[in-house]
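>
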Amino acid sequence: MSRQLLFLLTLTATVVLSTPPKIAILGGGISSLSTAYNLLTHSTQDLDITLYQVGWRLGGKAHTGRNPNHGDRIEEHGVHLLFGGYRYVFEVMDRVYRELGRPNEHPLARWEDVVLAQNEITVADFQGGTCNGSGCFGPGTWQQIAIPFPKWVQTHGKPEYPGIPRNISKRK
Numbered sequence: 081m082s083r084q085l086l087f088l089l090t091l092t093a094t095v096v097l098s099t100p101p102k103i104a105i106l107g108g109g110i111s112s113l114s115t116a117y118n119l120l121t122h123s124t125q126d127l128d129i130t131l132y133q134v135g136w137r138l139g140g141k142a143h144t145g146r147n148p149n150h151g152d153r154i155e156e157h158g159v160h161l162l163f164g165g166y167r168y169v170f171e172v173m174d175r176v177y178r179e180l181g182r183p184n185e186h187p188l189a190r191w192e193d194v195v196l197a198q199n200e201i202t203v204a205d206f207q208g209g210t211c212n213g214s215g216c217f218g219p220g221t222w223q224q225i226a227i228p229f230p231k232w233v234q235t236h237g238k239p240e241y242p243g244i245p246r247n248i249s250k251r252k
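Residue 81 is where the sequence shown starts when you use the working numbering, and the numbers rise one by one after that.
So this is what it looks like as structure tokens:
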């Protein structure tokens, strides 16, 4: 290989490597925001990250807003629960809140102040009537079904899952 070609290849490689990689992230939900955060905090080089989101609101299915026509009450896009499959969400939230560095007297100083732990959810089942896309009708009744979950042991944002609950009843 000639010296001129080697110099040209070296110069090209230097220019390419000195330009931050361009990364496009689609969506502004929790997964996209976590991806951007982890890329920025764990990268050993500069990154050029662009997050594309339809509309102005971030959060995806977990976003909330206020309705001025109903006393500024908080309304959710969709209820989202942090079940056991979301182990790393707690770890990322812990890192983000530590990085925020809010004083202890702040009402939302820690992520545990924002996420309310629950060991049970309740679902409803309409029995004895007819349900379609418009609702449930007829002489039926709503039956509430409580589903318990085991309590998690929390250690520095890394919960230890105790196992699958055995007491969830099956409908016959």
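Positions of the beta carbon are idealized from the N, C-alpha and C atoms, including for glycine.
1) Any chance you could list the beta strand (DSSP E) runs of at least 3 consecutive residues sitting entirely within the stretch 193-227, in chain order?
2) Taking 7 Å as the limit between beta carbons, can you name the residues of its chain near S98, skipping five residues before and five after?
3) Using only the alpha-carbon positions, how far apart do P239 and P219 sit?
4) Could you give the DSSP three-state label for L119: helix, strand or coil?
5) Quick one: grab the DSSP three-state call for A142.
6) Where do the N-terminal and C-terminal ends of the beta strand (DSSP E) with D128 fall, by residue?
7) Less than 8 Å between the beta carbons of L120 and L138, yes or no?
8) Please work out which residues of its chain come closer than 7 Å, Cβ to Cβ, to T221, disregarding the five sequence neighbours upstream and downstream, and give them in chain order.
With the given structure in hand:
1) 200-207, 210-212 and 215-217
2) On the sequence shown, position 18 is the one that residue 98 refers to. Excluding positions up to five away in sequence, the list is empty.
3) Sequence index remark: in the sequence shown, residue 239 carries index 159 (1-based). Sequence index remark: in the sequence shown, residue 219 carries index 139 (1-based). Bear in mind that the predicted position of P239 carries a pLDDT of just 49, short of 50, making it too unreliable to give a figure here.
4) Sequence index remark: in the sequence shown, residue 119 carries index 39 (1-based). Helix.
5) As a working note, residue 142 is residue 62 in the sequence shown. It is helical.
6) By one-based count along the sequence shown, residue 128 stands at place 48. D128 -> beta strand (DSSP E) spans D128 to Y132.
7) One-based indexing of the sequence shown puts residue 120 at position 40. One-based indexing of the sequence shown puts residue 138 at position 58. No, they are not a contact pair.
8) Mapped onto the sequence shown, residue 221 falls at position 141. Here the set comprises Q207 and G208.
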